[in-house]
């Protein structure tokens, strides 16, 4: 079992994802029902790395439009 901070660090170190933060992990865990089970240990939320690694390896990313860099997205045709 690893904390969200450690999970983010390991996913990047193992090359599963390019970047990841513990805040992003919290958001994914809240919004995706297929996220591996999360437990509370003390004040930390933890997840089993053996379940989380394959979840992220098979996860399709859907990056959003960077409005801070590109402005408003183009109008749909």
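In the working numbering, the protein residues as written are 51 to 127. Where a beta carbon is used, it is the ideal one built from N, C-alpha and C, also for glycine.
Does residue 96 come out as helix, strand or coil in the three-state DSSP assignment? strand
Can you tell me whether DSSP reads residue 76 as helix, strand or coil? helix
Tell me, to the nearest whole angstrom, how far the beta carbon of residue 76 is from that of residue 58; I am working on the premise that it is less than 8 angstroms. Taking a contact as a CB-CB distance under 8 angstroms, the pair residue 76 and residue 58 does not count as one, their CB atoms being some 10 angstroms apart.
Between residue 52 and residue 102, is the Cβ-Cβ spacing less than 9 angstroms? yes
Would you report the Cα separation of residue 114 and residue 68, rounded to the nearest angstrom? 16 angstroms
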